[in-house]
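*Asks:*
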Amino acid sequence: MSQSSLIKVENLAFERDDSCLFDNINLAVDSGDILQIEGANGSGKTTLLRILTTALQPSAGKILYKGCTVTDCRYQYLSDMLYIGHQPAVKQTLTAEENLRWMVSNSAKSNQLAINDALAGVGLSGYSDVPCYALSAGQHRRVALARLLISEAKLWYLDEPFTAIDKQGVSYLEARLQEHADRGGAVVLTSHQDLALNNLRKYSLSAPAGQIA
Amino acid sequence: MSQSSLIKVENLAFERDDSCLFDNINLAVDSGDILQIEGANGSGKTTLLRILTTALQPSAGKILYKGCTVTDCRYQYLSDMLYIGHQPAVKQTLTAEENLRWMVSNSAKSNQLAINDALAGVGLSGYSDVPCYALSAGQHRRVALARLLISEAKLWYLDEPFTAIDKQGVSYLEARLQEHADRGGAVVLTSHQDLALNNLRKYSLSAPAGQIA
Amino acid sequence: MDGHGIYVWSTVIVTLLVMVWLLVAPMLSRRALLKEVARDILRERARQTSSTSTQGES
Amino acid sequence: MAHSINSGFSAWLRRDLLLAYRRRGEAASPLVFFVMVSTLIPLGLTPESARLAEVAAGMIWVMALLATLLSVEGLFASDYQDGSLEQLLITPQLLPMPLLGKITAHWLTTGLPLTLVSPLLGVMLSLPAAGYLPMLCSLALGTACLSLTGAVGAALTVSLRKGGLLLSLLVMPLYMPVLIFGTATVNFAVDGLNWLPPLAILGALFAASVALCPLAAAGALRLTSAN
Amino acid sequence: MAHSINSGFSAWLRRDLLLAYRRRGEAASPLVFFVMVSTLIPLGLTPESARLAEVAAGMIWVMALLATLLSVEGLFASDYQDGSLEQLLITPQLLPMPLLGKITAHWLTTGLPLTLVSPLLGVMLSLPAAGYLPMLCSLALGTACLSLTGAVGAALTVSLRKGGLLLSLLVMPLYMPVLIFGTATVNFAVDGLNWLPPLAILGALFAASVALCPLAAAGALRLTSAN
Amino acid sequence: MSWQWFHRLGSPRWFYQSSARWLPWLSLATAVVLLSGLIWGLAIAPEDAKQGNSFRIIYIHVPASFLALAGYYIMATAGAVGLIWKMKLSYMVMKSAAPIGAALTFIALFTGAIWGKPTWGTYWVWDARITSMLILLFLYLGVMALQYAYHSADVASKAGAILGLVGTVNIPIIYKSVDWWYTLHQPATIKFTSAPSMHPDMFQPLLVMIIGFYLFYAVALILHTRSEILRRERKTSWVRDLLNTKKQAKADKQAGES
Ligand code: HEM
Ligand SMILES: Nc1ncnc2c1ncn2[C@@H]1O[C@H](COP(=O)(O)OP(=O)(O)OP(=O)(O)O)[C@@H](O)[C@H]1O
Ligand SMILES: Nc1ncnc2c1ncn2[C@@H]1O[C@H](COP(=O)(O)OP(=O)(O)OP(=O)(O)O)[C@@H](O)[C@H]1O
Ligand SMILES: [Mg+2]
Ligand SMILES: [Mg+2]
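Protein chains in written order, with this note's numbering: chain A, 1011 to 1223; chain B, 1011 to 1223; chain C, 272 to 329; chain D, 44 to 270; chain E, 44 to 270; chain F, 455 to 712.
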């Protein structure tokens, strides 16, 4: 039944400038899973996520999506995937609404109603016509996170999604992640916080030897 | 005994584009205090901190440092103050060590030994000659936070200092803040996390009416 | 060289200087690199011995 | 998939046009630069119109080239900083199409306005009447080549913060043929020669750039943004 | 406090020089730009030395001006983005001194190299022999004025992301007097006139800029970065 | 099996070790050829009827110009091989070829400029070949600047290779266009002395010098590549072993001597 895994990572390794960041990573993510990647600062969580999204090339190993390597089914894989990184890809000069409309333009649900709902969901309903440079740090991130309320992607990769978000926002987001997993989606996220989620699995990256205090 | 307050804020108000973000803020911070400013995203925590550091002008009210308005004793106040904002002021092309040496160049303790100790303290001892763009998100912030281990400033303003820092790092920092307060310093910080600190006081900013979900 | 000597010799000298630099620069950097590697090896050895004798330094 | 390839093009085209519209003041800057530098020239050289006429075509072209060069630097810079470029790299669409969309938007907001305003400069620098039509044609085609080639350079330098002037070093040599045939088109017309041959060469350069540059830029982007 | 005022100057000077040194390749870019654009000119105009000689002084000055203009844009940009500028605003030192340090570093890394390399361009554009010394003097003084004035513009535009081309709009008018007296110095010398008067005017412009520009830039920074 | 040599050729280690063996012989040959060519050209060959002794600059100028151009193609080819076959060694060759090519281009420009003074009365004219040569220098400098700008050696070499490739497409275009541009403007006063009419006594030393410059190029390229290999592989075990065996050999030698 190995095909039934949504994502299967086999013997993944990454080295940069001839020094190995991690190797021998084996992971499987199924529908309904939420996988939290843990590890100290600099242990390679972001790097791992970027490899999973195909933005970086691994030095060795492979990533299978529904049993087929991601280079072979690249279009399908990338269409089913959503990634929110450290940098939220929010354009400073556009308003929250315009940013969101642009970000989800590939999605079927990209109508005005859905966008308004999503902005209301992340607490930005009053701000839809404020340019994003005038938003606070947390509001800025919320614009990017609003994608989660519209996206139809099955697979979410989230790099520290809770950064700068207040408590109420965090619990709202947690509920949203839970819901996505319950509906058969899968989430891979990094976070330094403990999350209140069912069916949460953890994967720990160890820090490169002897360098982290 | 009102002079004994290190910082005293009286009737502070701030409005931008004719809409009031907050008003009537009264605060006092004494030696040994740690003050956590709380509030939802967009409630004005960063704005308040920037006003306290004199980077922004308040619309009304005043800030007293040891009983004298900060515009009058500007030099003294700014010399005794340390501010780490959302943007950590870390130069991407310099190494961690160079960044730190530069940041603390006004401090008496800015010798090589102190710098190495500080870098080791934040877990970057192996990275002192890596340019900062090659650091991870958390390591990047740690470079800025290393200032706390050298600084002789009495008054620390920290805007979400724990962003992107791992758990071990957070508890190390908490201990450092505690120590600073115990030695007679004062800390004003914002954070969405609950902190494990003695003599912690909280100040809540309420969100501007009806806009935050 | 009937007044043209200065032109000929200046070109010859500059050319030779550049060519010599082209040969010497890589040799110097190679030597510096070899030294650096040697230093790395020594440092590693020192670290190994110290970490086996005094367990758990910073 | 045909649909989605196209949508990559038009979606990014529309987005970049919207962004440019949001910063109208700034999007107009290459134009302002073009006009202002052209007014510096009489100050630096000579106010005599007979002598200006001799240099007019060359100067207009040199300044158009510089204006394009300077603006092409921003093609990917802000996208890199705020993470949009990373998102672009992981869109399912093939990379060259969105890039072509971005480059087209760039041309529409710099090359095209430059071309349209050039007759004004022609008047200021006393360009002979026969030169106007060839100048419009050659600038329209030529600035498109410049945007396309510049995109490759911009992609190669995007992850170097503030790489703007390194960019000039990289692409300026590549710009020289365009400059030569561009000025030749105008000068041929002014001298009463047949100006179609140099224009045809510009057209050929344009065709080659459209075919190759988005590919090269895509390769360069994957490379540089991966570190 | 005398000590700390000076330390504000030299600390920021040293820091910016270190930053420039770290990106040597890039710090050399204004220079490269200057040289490369100067080769565009014969391509655009004419390869004949007699005609080039006529425009040499003006062209060298226009290109030096552009190179400075383009590099001055980066004076505060990266500091603004990474938060260093905010830290600068809350240093206890008086703001103009650190700013003067930054501006000096900028001149040392752009204006000075430009000046030193200008004789080479003089040769390439067939500048008559009498023009070299005046060119060196006028460029040294003039580029310093340009750096100082440019800093005010850079401070005004820093909080508008990517305001580089808007900047040109702001400072270009301020650059015109420098350009006029700079070229005049060289052209007077070439024509066998006394070139000291225009140079003296440049000197006066420089003195005024040193006194005023850091103050104005400080005011502008406080204003723009406060939002 | 047939790929084995290819694989070996791509191995920096193999290159480093075997080049150490040929290098002394190659250097010797270079020195002999260059010296004899230089003496022949500067002292023995007859003076030119029109230009007198300044003509002797040709013995440096022309070989340098040849190599400057050839060097670009060598560099671009190395870059292309690196991109296509992902061969580390050829990236290192590419990186090494850039400064050498730039230096030779500089020599060509410098000698040409100096030569211009006695022949044309000016150091610089905007002749088609001269202009293209200047542009070639810029292309080289661009590749070098890109190499220095990136701290990651991997990214730097790939970026340099892409730029090199774009440059190769462009070089013929640039040359053709500059040539065309010049014929539009050509002032009649300036002409090169034409090569084919050269007397054999003058031509033979030129040939020797050209061969000498090719050899020199090879030596310089190998030297630069060797140091580049060390730089990039300094963390690998074979470099460390290399140093250990070297030390061992030294110790043995000392023991043998005493
Ligand atoms: C900065 C100035 C100069 C540059 C950049 C330059 C460049 C070149 C180049 C690139 C070539 C090689 C052409 C080829 O491979 O076919 C060449 C050949 C040659 N150059 Fe120069 N040159 C310069 C000045 C001069 C001067 C002043 C003279 C003598 C009056 C001269 C005489 C020659 C001769 C005789 C040849 C070889 C014959 C030929 O291929 O036509 N050059 N030069
Ligand atoms: N440059 C600006 N121009 C106009 N309005 C701004 C600007 N910066 C912030 N604001 C507005 O001021 C309010 C307060 O912002 P501030 O950054 O102080 O919030 P915060 O409490 O720090 O939030 P967070 O928890 O998200 O960091 C927000 O509603 C925001 O939209
Ligand atoms: N562009 C880069 N070039 C070279 N090394 C890098 C680069 N980016 C990251 N690194 C190094 O790779 C390691 C892993 O970085 P990564 O960003 O993946 O860590 P992380 O686990 O996400 O850390 P954090 O919790 O701080 O976000 C770090 O040691 C870092 O120094
Ligand atoms: Mg990370
Ligand atoms: Mg905030």
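The C-beta atom is built at its ideal place from N, Cα and C for all residues, glycine as well.
In this text the structure is predicted, and so the values were computed from the model without any measurement.
#1: Could you work out which residue in Asp1127(A), Ser1161(A), Thr1173(A), Val1180(A) is closest to Leu1147(B) when comparing CA atoms only?
#2: Got a sec: is the Cβ-Cβ distance from Ile133(E) to anything in chain D below 9 Å?
#3: Alpha helix (DSSP H) containing Thr1200(B): first to last residue?
#4: Excluding the 5 residues flanking Asn1021(A) on each side, which residues of the same chain have their C-beta closer than 8 Å to its C-beta?
#5: Is the region 1184-1202 of chain A in contact with the region 1159-1174 of chain A, if contact means three or more CB pairs nearer than 8 Å?
#6: Does the region 1086-1102 of chain A come into contact with the region 1131-1146 of chain A, if we say contact requires no fewer than three beta-carbon pairs (one atom in each stretch) closer than 8 Å?
#7: Between Leu617(F) and chain E, is the shortest Cβ-Cβ distance under 9 Å, so that the two count as touching?
#8: Listing by chain order, which chain A residues have their CB less than 8 Å from the CB of Glu1170(B)?
#9: Among Glu1162(B), Leu1066(B), Val1019(B), which one has its Cα closest to the Cα of Gly1077(B)?
#10: Does DSSP put Pro572(F) in a helix, a strand or coil?
#11: Based on the DSSP output, what are the partners of Gly154(E) in its beta bridges?
#12: Would Val1180(A) pass as a contact of Gln1203(A) if the rule is Cβ separation under 9 Å?
#13: Between the region 83-95 of chain D and the region 210-226 of chain D, can you find at least three pairs of beta-carbon atoms closer than 8 Å?
#14: Closer than 7 Å by C-beta to Ala227(D): which residues in its own chain qualify, once you throw out the five before and the five after it? Chain order, please.
#15: Considering Ile1047(B), what are the terminal residues of the beta strand (DSSP E) in which it resides?
#16: Going by the C-beta, is His1096(B) closer than 8 Å to any heavy atom of ligand 5?
#17: Using only CA atoms, which one of Ser1201(A), Glu1189(A), Glu1162(A), Ala1050(A) lies nearest to Gly1042(A)?
#18: Do you know how far the Cα of His1096(A) is from the Cα of Phe52(D)?
#19: Can you tell which of Leu480(F), Ser472(F), Arg467(F), Ser473(F) has its C-alpha closest to the C-alpha of Phe670(F)?
#20: Could you name each continuous beta strand (DSSP E) segment of 3 residues or more that falls completely within the region 1039-1093 of chain B, going from the start of the chain to the end?
#21: Between Thr1056(B) and ligand 2, is there a pair consisting of the residue's CB and a ligand heavy atom that are separated by less than 8 Å?
#22: Consider the C-beta atom of Ala1144(B) and the heavy atoms of ligand 3; say whether any pair is separated by less than 8 Å.
#23: Specify whether the region 100-119 of chain E and the region 185-194 of chain E touch according to this definition: at least 3 beta carbon pairs, one from each stretch, less than 8 Å apart.
#24: For the region 531-563 of chain F, which residues have a CB atom closer than 7 Å to at least one CB atom of chain D, in sequence order?
#25: Can you check DSSP and say which residues form a bridge with Val1019(B)?
#26: Indicate whether at least one CB of chain F lies closer than 9 Å to the CB of Asp1028(A).
#27: Ordered along the chain, which non-local residues of its own chain (more than five positions away) have a Cβ less than 8 Å from that of Ala100(E)?
#28: Where does His653(F) land, buried or exposed, given buried means 16+ other C-beta within 10 angstroms?
#29: I need the straight-line Cα distance from Ser1214(B) to Val195(D), nearest angstrom please.
#30: Do you know how far the Cα of Val1132(B) is from the Cα of Trp150(E)?
#31: Counting beta carbon pairs with one atom in the region 139-159 of chain E and one in the region 207-216 of chain E, are three or more of them shorter than 8 Å?
#32: For the region 1049-1068 of chain A, which residues have a beta carbon sitting closer than 9 Å to at least one beta carbon of chain D?
#33: Of all the options Pro162(D), Leu255(D), Ser161(D), Thr158(D), which has the alpha carbon lying nearest to the alpha carbon of Leu617(F)?
#34: Applying the criterion that 16 or more other CB atoms from any shown protein chain within 10 Å of the CB defines a buried residue, is Tyr64(D) buried or exposed?
#35: Answer yes or no: does any C-beta atom of chain C fall closer than 9 Å to that of Val693(F)?
#36: Just the C-alpha distance for Arg66(D) and Val115(E), rounded to the nearest angstrom, thanks.
*Replies:* Once the coordinates are examined:
#1: First, the residue type needs correcting, since residue 1147(B) is Ala and not Leu in the sequence shown. Nearest option by C-alpha distance: Thr1173(A).
#2: By this cut-off, Ile133(E) is not an interface position.
#3: Not the alpha helix (DSSP H): Thr1200(B) falls in the beta strand (DSSP E), residues 1196-1200.
#4: Shown here for Asn1021(A): same chain residues with a beta carbon closer than 8 Å to its own, the five before and five after excluded, namely Asp1033, Asn1034, Ile1035, Asn1036, Ala1070, Gly1071, Lys1072 in chain order.
#5: Touching, per the Cβ criterion.
#6: In this structure the region 1086-1102 of chain A lies against the region 1131-1146 of chain A, because at least three pairs of beta carbons, one per stretch, are closer than 8 Å.
#7: It does not; no Cβ of chain E falls within 9 Å.
#8: For the C-beta of Glu1170(B), the chain A residues within less than 8 Å are, from N- to C-terminus, Ala1147, Ala1174.
#9: Minimum Cα distance to Gly1077(B) is reached at Val1019(B).
#10: Pro572(F): helix per DSSP, three-state reduction.
#11: Answer is none; Gly154(E) lacks a bridge partner.
#12: Result yes, Cβ atoms of Val1180(A) and Gln1203(A) sit closer than 9 Å.
#13: Between the region 210-226 of chain D and the region 83-95 of chain D, the count of C-beta pairs closer than 8 Å stays below three; the two stretches do not touch.
#14: So the list reads Pro241, once near-sequence residues are dropped.
#15: Per DSSP, the continuous beta strand (DSSP E) segment holding Ile1047(B) begins and ends at 1044-1048.
#16: Yes, since a heavy atom of ligand 5 falls inside the 8 Å radius drawn around the Cβ of His1096(B).
#17: Residue Glu1189(A) is the option with its Cα nearest to Gly1042(A).
#18: Between Phe52(D) and His1096(A), the C-alpha separation is close to 26 Å.
#19: Residue nearest to Phe670(F) within the set Leu480(F), Ser472(F), Arg467(F), Ser473(F) is Leu480(F) (criterion: CA-CA distance).
#20: List check, beta strand (DSSP E) in window: 1044-1048, 1070-1075.
#21: Result yes, Cβ under 8 Å from ligand 2.
#22: Yes.
#23: In short, these stretches touch, since the Cβ pair count reaches three.
#24: Cβ contacts with chain D come from no residue of the region 531-563 of chain F.
#25: When beta bridges are read from the DSSP output, Val1019(B) appears opposite Leu1037(B), Ile1073(B).
#26: By this cut-off, Asp1028(A) is an interface position.
#27: Excluding the 5 residues flanking it on each side, Ala100(E) has same chain C-beta neighbours closer than 8 Å at Leu170, Gly174, Met178, Thr226, Val229, Asn230, Val233, in chain order.
#28: Here His653(F) is exposed, its C-beta having fewer than 16 other C-beta atoms within 10 Å.
#29: Distance between the alpha carbons of Ser1214(B) and Val195(D) is about 51 Å.
#30: If you take the alpha carbons of Trp150(E) and Val1132(B), they lie about 37 Å apart.
#31: Too few Cβ pairs lie closer than 8 Å, so no.
#32: From the region 1049-1068 of chain A, only Arg1060, Thr1063, Thr1064, Ala1065, Leu1066, Gln1067 have a Cβ closer than 9 Å to chain D.
#33: For Leu617(F), the closest C-alpha among the options Pro162(D), Leu255(D), Ser161(D), Thr158(D) is that of Leu255(D).
#34: For Tyr64(D), the number of other beta carbons within 10 angstroms of its own is below 16, and it is reported as exposed.
#35: The beta carbon of Val693(F) sits closer than 9 Å to some beta carbon of chain C.
#36: Just so you know, the alpha carbons of Arg66(D) and Val115(E) end up roughly 21 Å apart.
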